[in-house]
Amino acid sequence: MSARRGRGLGPVDASPPPPVEQRCAALGDAIAVARRHLGGRDGGLLDEATAVVDRSRERLGLGTHHTVVVLAGPTGAGKSTLYNWLCGAELSQTGVRRPTTGETHGCSWGEAGALLDWLRIRRRHEVAEADERLDGLVLLDLPDFDSTVAAHRDEVDRLVELADLFVWVVDPRKYADESFHHNYVAPLAAYGHLMRFVLTKRDLLGEEEARSCAADLRRRLVDDGIEAPEVLPVSVTSGLGLEDVIGEIRAVVAERAAMVARVEADLAAAARRLDPGEEAADRKAGRDERGPGALPERAAADLVAAVAEAVGVDAAAEVAAAQYRREANLATGWPPTRWIRRWRRAPIAAMSKPSASSVAEAKVDQALRAAADAASVGIDDAWRGSIRERCVGRRAELLASLEGVLGQSARVGARPAWWAAGAAVQGAALVCAAVGLVWLLIAAVGGGFLHLDTDPLLPRWRGAPIPTWLLAAGVALGLATAAVCAGVARAVGGGRRRRALALMRERVAGVVVSDIVAPLDAMAADRRELRRLLAVARGGS
Amino acid sequence: MSSRASLTELRSLLDEVAFPLDLAGTVDGSTVRRELIGQLDDYVLPRLARLDAPLLAVFGGSTGAGKSTLVNSLVGHTVTAPGVLRPTTRRPVLVCHADDTAWFVDGEILGDLPRYHRAPSADPASGSRSDQASGSTSGQRSPDASGVEVVAVATLPRGLAVLDAPDIDSVETANHELAAQLLGAADLWVFVTTAARYADAVPWEYLARAEQRSVALGVIVNRIPPGSEDEIAAHLTDMLDRRGLRPERLFTIAEGPLAEGRIPAVDDVRAWLTGLALDRPERDRLVRQTLAGVLQSVPARVDRVADEVQAQASASGALASFARARYEGALDAVEGELRSGELLRGEVLDHWREIVGTGEMMSRLQRGIGRARDRLAATFSGRPLPEVAVAGQLEANLEVLVARAADRASLEVVEGWSTMAGGAQALGVSARGLERSSDALGPAVKTTVNEWQDAVMRLVREQAGSKVTVARTLSVGLNGVGVALMVAVFSATGGITGGEAAVAGGTAAVSQTLLTAVFGEQALRDLVKQSRDDLRRRLYVAFTPEVERFDALLAGMPSAGLAPELRRVAGVVADEAGSDPGESGR
C-alpha cells in the first residue's frame, strides 16, 4: 500500500500519459476497489464501467492495425451513396423508398475478418484493389437512426459504442433535427475529436447558401459541445468535396491512433462517472492528508469520549474505588464491626455490562452516527452509506470488545502490603484489648466471687490498673487504625478511581481506534487509491 | 349546450390536476394534460360555439419539408419566409380572406396565443423574403417570436384559413410544442413531408395522434425525385394504411426548380382546399368529423391523465404511510426497550436502592430514619434527593433511546424512499438534512418526558389520595411513589408479578410491594398501563413534526376524488359527442 501511495501522491511531472493498456488495467483495479466498498450502492455504474473495461480489452486485443469508421446519419441523407462511392462499388442498397439500409454493411481495406466478427457484421466486402493509403480501414454503413423502424436505432446504438471514427452524414434539410443533435451528437460530445461531419447534397445550394448552411451546422455542433467541429460539404453527384472526405479518412487511418483514442475516451468517460469528485469539498472541509472518509482527529476524540461515557467508564471507575474501599475496610476495619460489611453487596457484583443496556447501545449508536457524519462531509451518497455502515454497523462488535476492557479494571488485584500492616496492627490491638479484658475479668472473678485481694492482680500504672490501660489502648488503637485505614483507603481509592478512569479511557480509545477509526482510515486510503487509479484511467499521471 | 357545460367542467377539473411526483408516466401524463387543455381552449370550446367559423387548415411537418414555400405557392404571395437555415418558421403565419380576419385576430379560436394582424403587403417576419439565400441569423431570431401572425390575402376564398406551423422535429424544442398546439386547433391537418423524410419516426408520432382523434387529414409529399412519385406514393399509402390512417387526399410534388420562389405544380392542392371552402356540406362534414373525433378521443386522454393522478396519489400515499410506519416502528422500539427493563440498570438502580434499600432487612433497618438522613444529606452535600436523581436519570436515558429511535426512523425513511417510486425525486437535494432528526426534536423530547413525569406525579397524587399516609409510613414519600410507578412502567411486568426480581436485583419486587401497598393490585395495573399509554401518546405528538418534514415533501397533491371525477365528466362528454357533436352549437 505504501509503495502505491508514494506513486499516487508524488509530484506531478510532465511525463507522457500512461499507455492505454495501463489505463485500462487501472480502471479495472479502480472498479475492484470501489466494488469492495460500495457493494450494491453504485446504481449500476460499476457494471457499466466493467463493460467498458471488457470492451476495451477486446478491442485492444484485436490490434491497432484497423480503424473502424462508421457512416451514420438520418434516413435519406445519403449515407449509402457516399459509402458506395468510397468503396467503389454498389454495395449498399440505395433508393427512394425510406428507410433503406436495414442491416449494417461493412467494407474492409485488407483482411479484417476477426474485427468484423467482433463487430458482428455479417454483410461484408473486401476491397479488391485497395488504395494502400486506406489499408486497415473498416468502413461501416450504419442504418438510419430516425426512421420508424426502431430496430435500426438499436443497431446504430450498438455500433456507436464500437466505432473509432464517426463520420456523420447530414443533408441541408436534416442537419438541425432533434434526433441527431439531442440523441447522438450531444451525448457523444466526449468523442468530438473522433467526429467528422459531412454535409451532403451540396449541389442543391448556391455558394452563399452552402457557406451559411455549413456555418449554421457548425454553430449547432458547438452548442452540442463539439470543439471546432469539422464540416465537409460534399456532393456525391457532382463529386464536389469527396476528395476532402477521403483525405480525412486517409489521414486518420494512416495515423493508426483513432482506435486507441476511442478506447482512451471510453476509459476516461467511465472513470469520470466513477470519480467521487470531491477535491473541492476536501479543501473546504480543511481535511488532513488522509483525505475524505477518514475520521478527523477532533471527531475521533469526541467519539472516544462519547463511547466512554455511554459504556459507563465513570461508574466503572467509581465501582473500582468502592470495591477497593470495601476490601480495604474488610481487611483493616475494626474487627468487632467490620464483618457487617460482608452483608452488603459487593460493588463489582452490582455493575451491569455495558452491552446489555439498550441505553448504552443507543448512546454508542448516536456517537457512531455523529462520527460517520463527520467522516463523510462532502462525500457522495453511495460512499456516505458505506461509511455509515462501517460505523454504525459495527456497534455490536465494538460493545463486545469494550465489555472485556471494562470488567478487568474494577478488580483490586494483589492485596497491598499496608492492608497486612493494618491487619497486623488491628490484630495486635485486638490481642491487647482482649488481654486487658480477660485480665479484668479474671480480676473481677477473683475479687468479686473469690473475694481475693485484687490489688496484686491489678497492678496500677499512673493511677489506673494496667489491664484497663490495655483494654482502653487496644480499643482505641483498633478504632484509630480503622479510621486511619479508612482514610487511607479513601485516598488510595480516589487515586485508583482516577487511574482506572485514565486506563479505561485509554482502553476505550484503543478499541475505538482499532474497530472504527482504523477501518475508516483504511477505507479513506482505498478512496485515495481509487482516485489515483481513476486519474491514471483518465490519462493523467 | 350541455356538451359545452360538461367540457367547461372538464376544463376546470384539468386545471386542478397537478403531478408533484416524478413517476414513470408523469412526463407522458402531463403532456397529455397540457395538450388536452390547449385543445379545449384553442379549438373545442370555440369551435363548438361557432360551427360556421372558417375552416382552419394547418400545414405541419418536419423541418426542411418546404411548408413555407408550399403555403406561399398556394396563396400566391410571399406571406411566410422560407430559408436554407433550419429551422426556418418560428412565428406561425395564418393566411385567410380579409373578411375572415376578425375570426382569427379577435376570436376565441387559438385561445390564448397572441395574434398580430399584418397587412398583406408588409414583409414577413424574417428579413429574407425575396432573397432566400441571405437568411441572416439575426433576422431568424426575432425576439417576439411567439404568437401567430394573421395575414389577409385576396387569393383565398372566404371560409378557409391556411396556417404555416413551425417544424415538429428540429433542435428547437419550443417549435414542437407550438406546432402540437396549432395542430390541436386544426379542422384539417395538411401533413407536409418529403421523399427523404416520410419514414422519419417523429412525424409518425403525430400521425398516430391524428389517427386517435380521427382528424381530417391531407398529406403532401414534397421534393420527390422526378419519376419516383408513384413508388413513394404507394409506399406511403401502404404505411398510412397499416397505421389505420385514411387521408382525405395524398398529393405528390416532384422536386424541381422554383419559379420566383414558388412551386409551380400546386394547382390540385389549391383546388382541393378552395373546393372545401366553397362546398358547404363537405366543409361541414370535415369540421364535424374532426370535432367529433377530438371529442371521442377525450375519454381515453382523460383516462391517461386520471391514471396518472391515481398513480401519483397512490405513490404519494405509499410514501407518506411508509414514513409514518417507520416512526410508529420507532415508538414500538422505544416501548420494547422500556419493557425490557433496561432503563433500570446501572446508576438508576443504584439510586433506587438508596430509596428502598438493598433488601428487606436493610429497608426495615432504614425505615423511618432513612428519609430524614437523606434530606439532611441532600441539604448539606448539595446532591439531589435520590428520587429526584432517579427521575433525572430515567429521563436522560429515555431521551437517549427516543433520540436514537427517531434518528433510525429518519434514516430508514430516506433509504426507503430512495428506492420507492417518486421517492428519490421527492427527497431531492434536501435529503441530506432528513437522514437524521431535526434539531428541534431533542428539546421537544426533553419537554415531553418532563411533562410525562409531571403527569405521572399528578396521577399518583390523585390516585393515592388518602393513602398518602401509607406511603409516608413507608418512608419514601409521594415523590418516591411516583418514581416507583415510573420504575414499574419501565419494567417488563409493569410491577405486577415478582418475576423480574432477577433483572432488577430485587428492587423491582420491593417497588412492587411498595406500590401494591399504596394502590392495591388492580388499581396499580391500571395506573401502569395508563402511564405507558400516556408516554406513547406524548412521544407520538413529539414525533409528529418529524413525520411532517416528510409529508411536506409530498405537498401539492390534488384531492383523492379528482381521478374518478375526471373519468365521470369525460364519460359525459363522450356520450354527448356520440349523440350529436354539433347540435349543441346551434
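Residue numbers (this note's numbering), protein chains in the order written: chain S, 1 to 541; chain A, 1001 to 1586.
C-beta atoms are modelled at their ideal positions from N, C-alpha and C, and glycine is treated no differently.
Please read all numbers here as calculations on a predicted model, not as lab measurements.
6 Å CB neighbourhood of residue i in its chain, flanking five on each side removed
i: Gly540/S; result: none
i: Ser1030/A; result: Phe1019
i: Leu1566/A; result: Leu1013, Val1302 and Ala1306
i: Arg1538/A; result: Thr1448 and Trp1452
i: Ala1542/A; result: Ala1444, Val1445 and Thr1448
i: Arg1011/A; result: Leu1040
i: Gly1423/A; result: Leu1319 and Trp1417
i: Gln93/S; result: Thr100
Contacts around residue i, its chain only, beta-carbon distance under 7 Å, and the 5 residues preceding and following it disregarded
i: Ser56/S; result: Cys24, Val263, Asp266 and Leu267
i: Val253/S; result: Thr67, Leu134, Gly136 and Leu137
i: Val1105/A; result: Arg1115, His1117 and Val1150
i: Arg250/S; result: Arg133 and Leu134
i: Leu543/S; result: In the structure as shown, chain S starts at 1 and stops at 541, and residue 543/S therefore has no counterpart that could be examined.
i: Thr1497/A; result: Because the pLDDT at Thr1497/A is just 43, under 50, the model does not fix this residue reliably, and the value given afterwards should be weighed accordingly. Excluding positions up to five away in sequence, the list is empty.
i: Glu1308/A; result: Phe1019, Gly1025, Thr1026 and Gly1029
i: Val359/S; result: none
Boundaries of the alpha helix (DSSP H) in which residue i is found, first to last residue
i: Ile1232/A; result: Glu1229 to Arg1242
i: Ser1297/A; result: Arg1280 to Arg1339
i: Arg531/S; result: Ala518 to Arg538
i: Trp85/S; result: Lys79 to Cys87
Burial state of residue i, where buried means 16 or more other Cβ atoms lie within 10 Å
i: Arg395/S; result: buried
i: Glu1521/A; result: exposed
i: Ile546/S; result: Limits of chain S in this structure are 1 at one end and 541 at the other, which puts residue 546/S out of reach.
i: Leu1094/A; result: buried
i: Arg1203/A; result: Residue 1203/A is actually Pro in this sequence, not Arg. Pro1203/A is buried by the Cβ-count criterion.
i: Trp461/S; result: exposed
i: Gly393/S; result: exposed
i: His65/S; result: exposed
i: Phe1251/A; result: buried
i: Val484/S; result: exposed
Chain A contact residues for residue i, given Cβ-Cβ distances below 7 Å
i: His99/S; result: Before going on, a small fix: residue 99/S reads as Pro here, not His. What Pro99/S touches in chain A: Ala1199.
i: Arg220/S; result: Val1171
Interface partners of residue i on chain S, CB under 8 Å
i: Pro1564/A; result: Going along chain S, no residue has its Cβ under 8 Å from Pro1564/A, so there is no contact; the nearest lies around 36 Å.
Spatially closest choice to residue i from the options, by CA coordinates
i: Glu1205/A; options: Val1413/A, Asn1072/A and Ala1180/A; result: Ala1180/A
i: Ala1024/A; options: Val1294/A, Leu1278/A, Gln1312/A and Leu1085/A; result: Gln1312/A
i: Leu162/S; options: Val149/S, Leu140/S and Val170/S; result: Leu140/S
i: Arg1243/A; options: Ala1185/A, Asp1042/A, Leu1515/A and Arg1209/A; result: Arg1209/A
i: Gly225/S; options: Pro233/S, Val185/S and Ala214/S; result: Val185/S
i: Ala491/S; options: Asn329/S, Val445/S, Leu534/S and Gly448/S; result: Asn329/S
i: Ala1292/A; options: Ser1003/A, Ala1005/A and Ala1577/A; result: Ala1577/A
i: Gly1630/A; options: Asn1222/A, Asp1284/A, Gly1428/A and Arg1047/A; result: Since the first residue of chain A shown is 1001 and the last is 1586, residue 1630/A is not available in this structure.
i: Lys1067/A; options: Val1219/A, Ser1006/A and Met1420/A; result: Val1219/A
i: Leu1278/A; options: Leu1331/A, Leu1156/A, Ile1224/A and Ala1254/A; result: Leu1156/A
Contacts around residue i, its chain only, beta-carbon distance under 8 Å, and the 5 residues preceding and following it disregarded
i: Thr1473/A; result: In this prediction, Thr1473/A scores a pLDDT of 47, lower than 50, which makes its location untrustworthy; the coordinate-derived value is nonetheless stated afterwards. Nothing meets the Cβ criterion.
i: Thr1008/A; result: Leu1045
Distance cut-off 8 Å: residue i Cβ against heavy atoms of the ligand NAD
i: Ala1444/A; result: Absence of the ligand NAD is noted for the structure shown, with no ligands found whatsoever.
Residues that residue i contacts on chain A, provided the C-beta gap is smaller than 8 Å
i: Ser80/S; result: Within 8 Å Cβ-Cβ: nothing; Ser80/S doesn't reach chain A, min ~13 Å.
i: Pro233/S; result: By Cβ distance, chain A contributes nothing, its closest Cβ being about 12 Å from Pro233/S, past 8 Å.
i: His37/S; result: By Cβ distance, chain A contributes nothing, its closest Cβ being about 17 Å from His37/S, past 8 Å.
Per-residue contacts from residue i into chain S (C-beta, under 9 Å)
i: Ile1253/A; result: Per Cβ cutoff of 9 Å: no residues; Ile1253/A is ~14 Å from chain S at best.
i: Trp1452/A; result: Per Cβ cutoff of 9 Å: no residues; Trp1452/A is ~17 Å from chain S at best.
Boundaries (first-last residue) of the beta strand (DSSP E) holding residue i
i: Met195/S; result: Met195 to Leu199
i: Asp1167/A; result: Leu1160 to Asp1167
i: His37/S; result: Looking at the DSSP string, His37/S is not in any beta strand (DSSP E); the run it does join, the alpha helix (DSSP H), is Val20 to Leu38.
i: Trp334/S; result: Taken as a continuous stretch (DSSP letters only), Trp334/S belongs to no beta strand (DSSP E), as it is neither H nor E.
i: Asp141/S; result: Leu137 to Asp141
Listed by chain order, chain A residues near residue i by CB distance under 9 Å
i: Ile366/S; result: The sequence given here places Gln at residue 366/S; Ile does not occur at that position. Neighbours of Gln366/S on chain A, chain order: Val1400, Ala1403, Arg1404 and Asp1407.
i: Ala362/S; result: Glu1337, Asn1397, Val1400, Leu1401, Val1402, Ala1403, Arg1404 and Ala1405
Per-residue contacts from residue i into chain S (C-beta, under 7 Å)
i: Leu1085/A; result: Ser212, Cys213 and Asp216
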